[in-house]
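K.L.:
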Amino acid sequence: MTGTILTPGSRRGAETMEKAARGRSLWDDAQRRLLRNRAAVGGMIVLGLLVLAAIIGPFFTPYAYDQINKDHVWAPPLTQGHLLGADSLGRDLLARLLTGLRVSLAIGLVATSVSLIIGVVWGAVAGYLGGRIDEIMMRVVDVLYSLPFIFFVILLMVTFGSNIILIFVAIGAVEWLTMSRIVRGQTLSLKHKEFVEAARAAGLGDGGIIAKHIIPNLLGPVVVYVTLTIPAVILAESFLSFLGLGVQPPMASLGTLIANGAQDMELAWWLLVFPSLTMVVTLMSFNFIGDGLRDAIDPKDR
Amino acid sequence: MLRFIGRRLLIAIPTLFLVVTVAFFMMRAAPGSPFDGDRKLSPEIEANVMAKYGMDRPLHEQYGAYLAGVAQGDLGPSLKYKDKTVLQILQENYRVSLTLGLSAIILATIVGVSLGVLAALRQNQTTDYVVMTIAILGVCIPTFVTAPVLVLVIASKLGWLPSAGWNGGALPNLVLPIVVLTLPQVAIISRLTRAGMVEVLRSNYIRTARAKGLPENRIVRRHALRAAILPLVSYLGPAAAGLITGSLVVEKIFNLPGLGKFFVISALQRDYTVVMGMVIFYAALILILNLIADLLHAVLDPRVRLS
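Protein chains in written order, with the numbering used here: chain P, 1 to 302; chain L, 1 to 307.
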């Protein structure tokens, strides 16, 4: 709008002035800052492409991800119709990679949602109620924090077998701790604000205040933490898959693909290199977006 | 101080108790038994074996007996490795994991702190960007990617180092596993150090030190670093957890006879007592490290009071 002459008489000028008068909200500010951050924007574009590829890509590959072909065993990239080569059973790596990416992203999303729900509810309740209940709830978090959690996830997988729902739940149940701490801290500072007092004076109950006033105001830090949790979850799943405890064949995730690639790397480097690259690029775009969001939303650095 | 340690140790007991309980019942809920082998045991023999290990009794009695044993420092016999107790297995195998873990954390601290300080001192200059790029890469490239890639390039193609094996702890065999374990920690430590350093360098007492005319070198080392590495101390516990997780991967890829490798195998084979022993061992390790972190925090930061 710079350069526009604002004459009160013209319609355009009136609209512009109205816009200016409305001012910028917290989120407008954050958005502006985020879009100025080149790494974050790059991360968003790359991630968008990856998500798109994961969703629609598998429909367009010439082979299915589990299609075994004896004549194509260890076909190098760009031969026999395999853009990225084929594995020890002659399965197309591109198809497997896209499917694996889809599985990994889905696990990241679902497990993060699980951790989000548990963490936000736990933290908001503890912070809002305070006192003895808060102390007990946070002591539980402290205790869980000091456990070697990866062992429990491994035990869970061994106990109940590796099914994909369980992977969601197990990883989500591990990742909610930090979320609950962040949410509790925010809630503690929010609950003495005037608008909460006003809501209480208007007769809203505790549940209503938490749901309608506390949780919506937690959004900023929670969004930041969510974007940083998703890559952590993807990493955790891949780690399990790498140990042979995660997604089971012929299904693929980035972790299983890297594990298989590591086994056959002497014979077929492409099986290790392409899944690894995909993994690293995915994690990096999430981290760039998360860092960018933090810089944009966190008022500390303004 | 002593009271603080005492109280923390008292809190540690219920934590350990919880660990033991959850792990015990989870392990027992798993289908299969440690005595499932290639050959099916005849029912009589199986009953005998079960009786020998007290597994014919009701579960809650076994749990009680196990707890009593743990309280006296007895982790029981291994169910898979005949004639070995869990303690013996831990003793025989902890050295590999400990060597790797300790070397990695020491190396990561030295390299990470140096890089972090360097980046903070040259904030928003090329050095800073290079270090921070390395740090982001270190966070985003997981151990199960670096390990096979390094083996492929350095061991297989170039032949500079052996690709796997322990070989009695010979140095060439240790280099790759330690490097793989160290990289992600270097990334995190350098980020933490840089953030702490940047903040501290802006503070008033540093300005005072500068005004007094102290040499920059001394300001950084004596005044700033001490405060800047505080977040690092709190990171000690999570770092240990990260190293343990990493060692599971590294010991598998490099085929090292450490605890991490043992854990996954034992869990899959339903070697109940060995799995339990390791869970207890690692939980205790993490609790102790967290305690040390809190104590160090109090020593380094006089504002923290142990209560």
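Even for Gly, the Cβ is constructed at its ideal location relative to N, Cα and C.
(1) Taking the continuous alpha helix (DSSP H) assigned at L:Arg191, which residues delimit it?
(2) Compute the Euclidean distance between the alpha carbons of P:Gln80 and L:Gly101, then round it to the nearest angstrom.
(3) Taking its Cβ as the centre, do 16 or more other Cβ atoms sit within 10 Å of L:Met1, making it buried, or is it exposed?
(4) Along the chain, where does the alpha helix (DSSP H) that runs through L:Thr15 open and close?
(5) Taking only beta carbons into account, state which residues of the region 186 to 216 of chain P come closer than 7 Å to chain L, listed in chain order.
(6) For P:Phe59, is the classification buried or exposed, using 16 other Cβ atoms within 10 angstroms of its Cβ as the cut-off for buried?
(7) May I ask you to list the residues that DSSP assigns as paired with P:His82?
(8) Any beta-carbon of chain L closer than 8 Å to the one on P:Ile154?
(9) In the region 74 to 103 of chain L, which residues sit with their C-beta less than 8 Å from some C-beta in chain P, listed in chain order?
(10) Using CA coordinates, which residue listed in P:Ser238, P:Phe286, P:Ala262, P:Gly290 is at the minimum distance from P:Gly100?
(11) Are at least three pairs of beta-carbons, each pair with one atom in the region 92 to 101 of chain L and one in the region 287 to 294 of chain L, less than 8 Å apart?
(12) Would you say L:Thr193 lies against chain P (beta-carbon separation less than 8 Å)?
(13) Output the boundary residues of the alpha helix (DSSP H) element that contains P:Trp270.
(14) Tell me which same chain residues have a C-beta within less than 7 Å of the C-beta of P:Ala252, skipping the five on either side of it?
(15) In chain order, what are the residue ranges of uninterrupted alpha helix (DSSP H) at least 4 long that sit wholly in the region 229 to 265 of chain P?
(16) May I ask you to list, following chain order, the residues of the region 122 to 145 of chain L that have a beta carbon less than 7 Å from some beta carbon of chain P?
(17) Kindly list the residues whose CB is nearer than 8 Å to the CB of L:Val131, restricted to its own chain and excluding five residues on each side of it in sequence; keep chain order.
(18) Would the region 177 to 192 of chain L and the region 138 to 151 of chain L be scored as touching if the rule is three or more Cβ pairs under 8 Å?
(19) Taking C-alpha atoms, which residue in L:Ala209, L:Leu287, L:Phe262 lies nearest to L:Glu92?
(20) Pair every Cβ in the region 164 to 171 of chain L with every Cβ in the region 250 to 262 of chain L, then say whether three or more of these pairs are closer than 8 Å.
(21) List the residues that DSSP assigns as beta-bridge partners of L:Thr85.
(22) Going along chain L in order, which residues have a C-beta closer than 8 Å to the C-beta of P:Gln116?
(23) By the criterion of Cβ-Cβ separation under 8 Å, what are the contact partners of L:Met197 in chain P?
(24) Can you pull the chain L residues whose beta carbon is under 9 Å from the beta carbon of P:Phe239, in chain order?
(25) DSSP three-state label for P:Asp28, please.
(26) Are the C-beta of L:Thr273 and some C-beta of chain P separated by less than 8 Å?
(27) Pull up the distance between the alpha-carbon of L:Pro325 and that of L:Leu192, whole angstroms please.
(28) Can you list, in chain order, the residues of its chain whose CB lies under 7 Å from that of P:Val46, leaving out five sequence neighbours each side?
(29) Applying the 10 Å Cβ sphere with the 16-neighbour rule, what's the burial state of P:Arg91?
(30) Cα-Cα, which of L:Gly196, L:Val113, L:Leu285, L:Phe4 is closest to L:Tyr94?
(31) Classify L:Thr126: buried if its beta carbon has 16 or more other beta carbons within 10 angstroms, exposed otherwise.
(32) Only counting the same chain, and skipping five residues up and downstream in sequence, which positions put a Cβ closer than 6 Å to that of P:Ala30?
(33) Checking 8 Å against the spacing of the C-beta atoms, do P:Met44 and P:Ile289 come in under that value?
(34) Leaving aside the five residues before and after P:Asn69 along the sequence, list all residues of the same chain whose C-beta is less than 6 Å from its C-beta, in chain order.
(35) By Cβ distance below 6 Å, which residues in the same chain neighbour P:Leu283 in space, the five residues on each side in sequence not counted?
(36) Rounded to the nearest angstrom, what separates P:Val169 and P:Ile55 at their Cα positions?
P.N.:
This is what the structure holds:
(1) Locating residue 191 of chain L in the second sequence gives position 191, where the first residue counts as 1. Its alpha helix (DSSP H) spans residues 171 to 201.
(2) Counting from 1 along the first sequence, the entry for residue 80 of chain P is found at position 80. Counting from 1 along the second sequence, the entry for residue 101 of chain L is found at position 101. Distance between the alpha carbons of P:Gln80 and L:Gly101: 45 Å.
(3) Along the second sequence, one-based indexing puts residue 1 of chain L at 1. Exposed.
(4) For this step, residue 15 of chain L is matched to residue 15 along the second sequence. Run containing L:Thr15: 2 to 29, per the alpha helix (DSSP H) assignment.
(5) none
(6) Sequence index remark: in the first sequence, residue 59 of chain P carries index 59 (1-based). Burial call: exposed.
(7) Taking the first residue of the first sequence as position 1, residue 82 of chain P is located at position 82. In DSSP, P:His82 forms a bridge with P:Thr79.
(8) In the first sequence, counting from the first residue as 1, residue 154 of chain P sits at position 154. Judged by the 8 Å Cβ criterion, P:Ile154 is in contact with chain L.
(9) none
(10) In the first sequence, the residue the question calls residue 100 of chain P occupies position 100. Minimum Cα distance to P:Gly100 is reached at P:Ser238.
(11) no
(12) As a first step, residue 193 of chain L is located in the second sequence; it is residue number 193 there, counting from the start. So no, L:Thr193 is outside the interface.
(13) One-based indexing of the first sequence puts residue 270 of chain P at position 270. First-last of the alpha helix (DSSP H) with P:Trp270: 270 to 297.
(14) Along the first sequence, read from residue 1 onward, the residue named residue 252 of chain P stands at position 252. Within the same chain, P:Ala252 has close Cβ partners Tyr65, Arg96, Thr99, Gly100, Val103.
(15) 254 to 263
(16) Ile136, Val139, Cys140, Ile141, Pro142, Phe144, Val145
(17) By one-based count along the second sequence, residue 131 of chain L stands at place 131. For L:Val131, where only same-chain residues beyond five positions count, the Cβ hits under 8 Å are Leu115, Gly116, Leu118, Ala119, Ser190, Arg194.
(18) yes
(19) On the second sequence, residue 92 of chain L is found 92 positions in, with the first residue counted as 1. Closest by alpha carbon: L:Phe262.
(20) yes
(21) By one-based count along the second sequence, residue 85 of chain L stands at place 85. Looking at the DSSP assignment, L:Thr85 forms a beta bridge with L:Pro77.
(22) On the first sequence, position 116 is the one that residue 116 of chain P refers to. The sequence shown places Leu at residue 116 of chain P, not Gln. Those do not exist, as P:Leu116 stays about 21 Å from chain L at its closest Cβ, beyond 8 Å.
(23) Position 197 of the second sequence holds residue 197 of chain L. Those within 8 Å of L:Met197 in chain P number zero; the least Cβ separation is about 16 Å.
(24) Position 239 of the first sequence, counted from the start, is the residue given in the question as residue 239 of chain P. Within chain L, the residues near P:Phe239 are Pro142, Thr143, Phe144, Thr245, Leu248, Val249.
(25) Here residue 28 of chain P refers to the residue found at position 28 of the first sequence. In this structure, P:Asp28 counts as helix in the three-state DSSP scheme.
(26) Numbered from 1 along the second sequence, position 273 holds the residue referred to as residue 273 of chain L. False, the Cβ-Cβ gap to chain P never drops below 8 Å.
(27) In the structure displayed, chain L extends from 1 to 307; residue 325 of chain L sits before or after that span and is not available.
(28) In the first sequence, the residue the question calls residue 46 of chain P occupies position 46. Once the five neighbours on either side are set aside, the close Cβ partners of P:Val46 are Val281, Ser285.
(29) Along the first sequence, one-based indexing puts residue 91 of chain P at 91. P:Arg91 comes out buried.
(30) Numbered from its first residue, the second sequence carries residue 94 of chain L at position 94. Cα-wise, what sits closest to L:Tyr94 is L:Leu285.
(31) As a position in the second sequence, residue 126 of chain L is number 126, starting the count at 1. Exposed.
(32) Position 30 of the first sequence holds residue 30 of chain P. Correct list, in chain order: Ala296, Ile297.
(33) Looking up residue 44 of chain P in the first sequence gives position 44. Looking up residue 289 of chain P in the first sequence gives position 289. Yes, the pair counts as a contact, with Cβ atoms nearer than the cut-off.
(34) Translated into positions along the first sequence, residue 69 of chain P becomes position 69. Closer than 6 Å at Cβ, skipping near neighbours: Gly90.
(35) In the first sequence, residue 283 of chain P corresponds to position 283, counting from 1. Answer for P:Leu283: Pro231, listed in chain order.
(36) Numbered from its first residue, the first sequence carries residue 169 of chain P at position 169. Numbered from its first residue, the first sequence carries residue 55 of chain P at position 55. Cα to Cα, P:Val169 sits roughly 22 Å from P:Ile55.
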